[in-house]
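Our numbering numbers the first residue of the sequence shown as 9 and each following residue consecutively.
Comments concern the structure below.
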Amino acid sequence: MNKAFRYRLYPSAEQAILINKTFGCVRFIYNQMLANRKTIYEQYKDDKETLKQQRYSLPAAYKNQFEWLKEVDSLALANAQINLNTAYKNFFRDKSVGFPKFKRKHRDRKSYTTNNQKGSIRLIDSKTIRLPKLKDVRIKLHRQLPPNSILKSATISQTPTGNYYIAILVEFEAKLEPITPTVDSTLGLDYSSKSLVVDSEARSADYLRFYRNAEVKLKKEQRKLSKRLKGGKNKNKQRLKVAKLHEKVANQRKDFLHKLSRQIANAYTAVAIEDLNMRAVAQCLNLAKSTNDNGFGMLKTFLAYKLAEQGKQLVMTDKWYPSSKLCRYCKTVYPELTLADRTWSCKHCGAEIDRDINAAINIKNEGCRILGIA
């Protein structure tokens, strides 16, 4: 099994300069190779066979022209090429993805990936990690790596607040025995813009809406930022204040979702959830902020890997499945129901229906059907 573990890094001033230089070189080489591919694509896009036969520039080809590229980790540049290859293939696989875009200095995420070659990445002790070019760097190892794990690669990144992190990808043996789900140990989850999710046992996640709670303070600090003189020290100080607020909200959200997903994964053998297009949901009237705040997509990601680690399953029901418009008792469908109808009465069987709880139970039932345990 492969899994990444993220830790805080504390580089020295000299190491931080080299890390930032590597960020810049990775961005530069990515943009240079992308420009080369874009030129070739524009020239041969109508002749697919000729386009397939084209050879593209490699990172090594740029080192003679730009000597400063030799100062940074060569594997970081090689991984930039791999990332571009992936983006390029995704474009041809699905044109709606769009052609790869150039990376911008102040907008795109600052990160680079390097690989472990003959022990070039290794933990020296509980406070130090050795990395290519950087040598020994201080690390906050708040949790241990799995025993007998093999370090495969490391991704170093910097947040907008200036903090450095490292994500260590390790390979280790995990004895996974698939657990057979049962109807009683399967949970259905229905998306709720207010509380994040409502489950098939009539419980609400009671999401704390961290962005909404910080919105007044964020507006105040962002207003101050807009009035600061561009290029001045006070502008950068205020930018850091705003970035720290955004980072705090993101950390609070992630912490909540990690704890919720862990609680669910430990308690149930299978979870059924809607396969919603969250981008489309966010575009609905008055739902954009709530949808972007609660992180439903992130919850699905966390549930997927936490259940898989225990040999359990996450089942996705079709996004067109009428979970909120189907009476769970008599199976009558009411297509005319809208989001405003939070409770309704079934005209066929007379049952009083709560929209969210009913949808969660229907999602559970559909999940059980997909699993073959209904």
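Glycine residues also receive a C-beta, built at the ideal position from the N, C-alpha and C atoms.
Please read all numbers here as calculations on a predicted model, not as lab measurements.
Based on the DSSP secondary-structure assignment, which residues constitute the bridge partners of residue 348? Numbered from 1 along the sequence shown, position 340 holds the residue referred to as residue 348. Answer is none; residue 348 lacks a bridge partner.
Taking only three categories from DSSP, how would you classify residue 261? Counting from one through the sequence shown, the residue named residue 261 turns up at place 253. Helix, per DSSP.
Would residue 20 be called buried (16 or more neighbouring beta carbons within 10 Å of its own) or exposed? Translated into positions along the sequence shown, residue 20 becomes position 12. Counting Cβ neighbours within 10 Å, residue 20 comes out exposed, since fewer than 16 surround it.
Is the distance from the Cβ of residue 201 to the Cβ of residue 295 below 8 Å? In the sequence shown, residue 201 corresponds to position 193, counting from 1. In the sequence shown, residue 295 corresponds to position 287, counting from 1. Taking 8 Å as the Cβ cut-off, residue 201 and residue 295 qualify as a contacting pair.
Just to confirm the assignment, what range does the alpha helix (DSSP H) spanning residue 52 have? Counted from its first residue, the sequence shown places residue 52 at position 44. Looking at the DSSP string, the run of the alpha helix (DSSP H) that includes residue 52 is 21-52.
Jot down the residue ranges of each uninterrupted beta strand (DSSP E) in the region 191-265, minimum 3 residues, whole runs only, in chain order. 194-200, 204-207
Under the three-state reduction of DSSP, which class applies to residue 277: helix, strand or coil? Along the sequence shown, read from residue 1 onward, the residue named residue 277 stands at position 269. Three-state DSSP puts residue 277 in coil, outside helix and strand.
Would DSSP call residue 340 helix, strand or coil? Taking the sequence shown and counting its residues from 1, one reaches residue 340 at position 332. It is coil, neither helix nor strand.
Span separating the alpha-carbon of residue 122 from that of residue 163: Within the sequence shown, the letter at position 114 stands for residue 122. Within the sequence shown, the letter at position 155 stands for residue 163. Cα to Cα, the separation comes out at about 6 Å.
State the start and end residues of the unbroken alpha helix (DSSP H) segment that holds residue 364. Numbered from 1 along the sequence shown, position 356 holds the residue referred to as residue 364. Per DSSP, residue 364 belongs to the alpha helix (DSSP H) from 363-379.
Is residue 9 buried or exposed, if buried means 16 or more other CB atoms sit within 10 Å of its CB? What you label residue 9 is simply residue 1 of the sequence shown in a count that begins at 1. Exposed, because fewer than 16 other Cβ atoms sit within 10 Å of the Cβ of residue 9.
Please identify the residue among 255, 100, 103 whose C-alpha is closest to the C-alpha of residue 166. Along the sequence shown, read from residue 1 onward, the residue named residue 166 stands at position 158. Measuring from the Cα of residue 166, the nearest candidate turns out to be 255.
Quick one: what does DSSP say residue 287 is sitting in, helix, strand or coil? Taking the sequence shown and counting its residues from 1, one reaches residue 287 at position 279. DSSP places residue 287 in helix when its eight states are reduced to three.
Residues that DSSP places opposite residue 146 in a beta bridge: Start at 1 with the first residue of the sequence shown, and residue 146 comes out as number 138. Note: residue 146 sits in a beta bridge opposite 18, 136.
Measure the CB-CB distance between residue 218 and residue 270 and report whether it falls below 8 Å. Working through the sequence shown from its first residue, we reach residue 218 at position 210. Working through the sequence shown from its first residue, we reach residue 270 at position 262. No, these two residues do not count as a Cβ contact at 8 Å.
Within 8 Å, strictly: CB atoms of residue 48 and residue 196: Counted from its first residue, the sequence shown places residue 48 at position 40. Counted from its first residue, the sequence shown places residue 196 at position 188. No. Outside cutoff.
Could you spell out the range, first to last residue, of the alpha helix (DSSP H) harbouring residue 309? Counting from 1 along the sequence shown, the entry for residue 309 is found at position 301. Taken as a continuous stretch (DSSP letters only), the alpha helix (DSSP H) holding residue 309 covers 304-316.
Measure the Cβ-Cβ separation of residue 187 and residue 318 and say whether it is below 8 Å. Here residue 187 is taken as the residue at index 179 of the sequence shown, counted from 1. Here residue 318 is taken as the residue at index 310 of the sequence shown, counted from 1. Cβ atoms of residue 187 and residue 318: closer than 8 Å.
Considering only the beta carbon of each residue, do residue 266 and residue 304 sit closer than 8 Å? Taking the sequence shown and counting its residues from 1, one reaches residue 266 at position 258. Taking the sequence shown and counting its residues from 1, one reaches residue 304 at position 296. Contact flag unset, no.
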